[in-house]
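Numbering (my numbering), first residue to last: 7 to 410.
Inspection log for the structure reproduced underneath, given as structure tokens.
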Amino acid sequence: MNYSELFITAIQALRANILRTSLTMLGIIIGIASVILIIALAQGATSSITSSISSLGSNLITISPGTGQRGPVQSGNVTTLTLDDANALQSLNNVAAVSGVVQKNYQLIGNGQNKNSIVQGVSFAYPTAQAITIDQGSFFEKEDEQGVAKVAILGPNVVKDLFGEDSTAEAINQNITIDGKVFRVVGVTKSKGSSGFSNPDDAVYIPVTTMMQILSGQNYVNSIQLVTDDSTKVDAVSDVVKTTLMDRHKIADGGTADFSISTSKDTQSTLSSVTTTLTAMLAGIAGISLVVGGIGIMNIMMVTVTERTKEIGLLKSIGAEKKDILIQFLIESIVLTASGGIAGIILGELLAFVVAKFISIPYIFQINSILLAVGVSTLIGVIFGLYPAQKAAKLSPIDALRYE
Numbered sequence: 007m008n009y010s011e012l013f014i015t016a017i018q019a020l021r022a023n024i025l026r027t028s029l030t031m032l033g034i035i036i037g038i039a040s041v042i043l044i045i046a047l048a049q050g051a052t053s054s055i056t057s058s059i060s061s062l063g064s065n066l067i068t069i070s071p072g073t074g075q076r077g078p079v080q081s082g083n084v085t086t087l088t089l090d091d092a093n094a095l096q097s098l099n100n101v102a103a104v105s106g107v108v109q110k111n112y113q114l115i116g117n118g119q120n121k122n123s124i125v126q127g128v129s130f131a132y133p134t135a136q137a138i139t140i141d142q143g144s145f146f147e148k149e150d151e152q153g154v155a156k157v158a159i160l161g162p163n164v165v166k167d168l169f170g171e172d173s174t175a176e177a178i179n180q181n182i183t184i185d186g187k188v189f190r191v192v193g194v195t196k197s198k199g200s201s202g203f204s205n206p207d208d209a210v211y212i213p214v215t216t217m218m219q220i221l222s223g224q225n226y227v228n229s230i231q232l233v234t235d236d237s238t239k240v241d242a243v244s245d246v247v248k249t250t251l252m253d254r255h256k257i258a259d260g261g262t263a264d265f266s267i268s269t270s271k272d273t274q275s276t277l278s279s280v281t282t283t284l285t286a287m288l289a290g291i292a293g294i295s296l297v298v299g300g301i302g303i304m305n306i307m308m309v310t311v312t313e314r315t316k317e318i319g320l321l322k323s324i325g326a327e328k329k330d331i332l333i334q335f336l337i338e339s340i341v342l343t344a345s346g347g348i349a350g351i352i353l354g355e356l357l358a359f360v361v362a363k364f365i366s367i368p369y370i371f372q373i374n375s376i377l378l379a380v381g382v383s384t385l386i387g388v389i390f391g392l393y394p395a396q397k398a399a400k401l402s403p404i405d406a407l408r409y410e
């Protein structure tokens with residue numbers, strides 16, 4: 007028998023019991039689809055977060071209070087950084103912009119509507135540090151910060167919730183209350199989307215001095231954002247920032263700093279590492295279903311060998327060799343898993359596309375995932391189909407023909 011005849015025979019045998027064949031393939035389909043879906047969503051989430059972080063530029067430095075803390079804005083009651091620290095960093099070489107940041111949740115009331123939102127007290131230079139663009143109106147000026155002005159810049163989601171859809175322009179010069187204090191809206195930011203830590207579209211920006219003196223009453227900042235004028239000098243500026251702050255905080259050389267410094271590159275690297283680890287873990291869990299599907303295929307092939315014992319004896323009696331029987335049953339097993347793999351790939355990619363659109367992350371078509379899925383499904387067919395195929399090939403033609 008040649009390979010084409012063996013393949014046709016295998017297809018005919020599988021079609022003879024289409025329901026059992028379909029149910030056997032189901033485990034492989036679910037396993038492959040799960041792996042494809044998890045990898046695609048992980049790649050899309052990574053791409054979205056990386057894009058958001060990259061939009062901040064490669065020259066952003068974040069100074070956080072305490073040790074070992076990461077992220078663009080730290081909340082809580084760690085009090086080791088002050089607004090004077092931020093002001094002192096403005097005079098350093100290669101520093102383009104510096105902003106102290108104070109962040110708290112407050113209730114907002116405007117146009118008869120109310121909502122809870124993140125209110126950030128920032129410097130007039132904050133848009134440069136965080137790549138924020140104004141859609142309508144303007145950001146507050148240095149004079150507003152120095153004069154403790156009660157002015158506010160709203161994110162587009164805040165405008166929508168308080169003033170309704172398509173009301174960006176109407177929101178300018180309207181009054182809102184933050185924690186019972188009246189503020190005048192002077193600007194609305196362009197939509198930016200989530201940065202992985204928070205969503206700037208849901209934020210309200212006010213002068214940091216106003217935040218500290220009128221709302222929060224605190225004398226410390228939650229973080230300091232600093233932007234260099236040259237992305238190649240981020241590391242050098244980070245070293246100078248560390249030295250400057252340690253001097254200001256009277257920490258001797260070799261002592262433990264009461265602050266931590268991170269760059270956008272550090273944050274991106276950390277997120278990438280975490281995402282890779284989670285993807286591998288989830289893919290491994292999804293891979294368990296592939297093993298279960300493989301065991302199911304082996305069981306079905308064992309049943310098939312038993313059911314077709316007389317057929318095997320007949321084939322051997324008319325000259326079929328041991329290897330022909332072995333290859334025929336291996337082909338059946340591989341066709342089962344390969345077909346399940348193809349169906350799983352289609353289902354997985356379709357689910358990945360739908361889910362990615364639903365949760366607003368990029369859909370990324372990964373050819374490597376497809377090649378991996380095909381390879382794994384074929385390998386499962388060989389591994390779990392080998393034992394039943396060997397059992398069939400070893401049957402004696404006389405014993406097989408006598409089998410009842």
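Glycine included, each C-beta is placed from N, C-alpha and C at the ideal position.
- Segment contact: the segment 227 to 237 against the segment 91 to 108, three or more CB-CB distances shorter than 8 Å; contact assigned.
- In the three-state DSSP reduction, residue 256 falls in the coil class, being neither helix nor strand.
- Residue pairing by DSSP places residue 312 in no beta bridge whatsoever.
- Counting every other CB atom within 10 Å of its CB across the protein chains shown gives residue 305 a total below 16, marking it as exposed.
- About 36 Å separates the Cβ atoms of residue 111 and residue 236, ruling out a contact at the 8 Å cut-off.
- Fewer than three beta-carbon pairs drawn from the segment 212 to 225 and the segment 169 to 182 are found closer than 8 Å, and the two stretches are therefore not classed as touching.
- The shortest CA-to-CA distance from residue 103 to any of 85, 136 and 113 is the one to 136.
- As DSSP reads the structure, residue 103 sits in a beta bridge with 233.
- Sorting 370, 345 and 331 by C-alpha distance to the C-alpha of residue 393 places 331 at the top.
- By the beta-carbon neighbour count (other beta carbons within 10 angstroms, threshold 16), residue 312 is exposed.
- Cβ contact annotation for residue 197 (same chain, cutoff 7 Å, sequence separation greater than five): 162 and 207, in chain order.
- A direct Cα-Cα distance of roughly 26 Å separates residue 379 from residue 15.
- Its chain contains 399 as the residues whose beta carbon lies nearer than 7 Å to that of residue 328, once the 5 sequence neighbours on both sides are disregarded; these appear in chain order.
- Boundaries of the beta strand (DSSP E) around residue 187: 187 to 195.
- Looking from the CA of residue 87, the closest CA among 388, 266 and 302 belongs to 266.
- Bounds of the beta strand (DSSP E) holding residue 70 are 66 to 71.
- Residue pairing by DSSP places residue 374 opposite no residue, since no beta bridge is assigned to it.
- Going by DSSP, residue 88 is part of no alpha helix (DSSP H) at all; its letter is neither H nor E.
- Taking residue 361 as the centre and dropping the five residues before and after it, the same chain places the C-beta of 43 and 47 closer than 8 Å to its C-beta, in chain order.
- Looking at the backbone, the Cα of residue 232 and that of residue 105 are separated by about 7 Å.
- Bounds of the alpha helix (DSSP H) holding residue 163 are 162 to 169.
- Between the segment 147 to 165 and the segment 244 to 256 there are fewer than three inter-stretch CB-CB distances shorter than 8 Å, so the stretches are not counted as touching.
- In the three-state DSSP reduction, residue 121 falls in the strand class (E or B).
- With respect to the C-alpha of residue 100, the residue from 152, 285 and 239 having the closest C-alpha is 239.
- Contact between residue 264 and residue 73 holds, since their C-beta atoms are separated by about 7 Å, short of 8 Å.
- For residue 222, no beta strand (DSSP E) segment is defined, and its DSSP state is neither H nor E.
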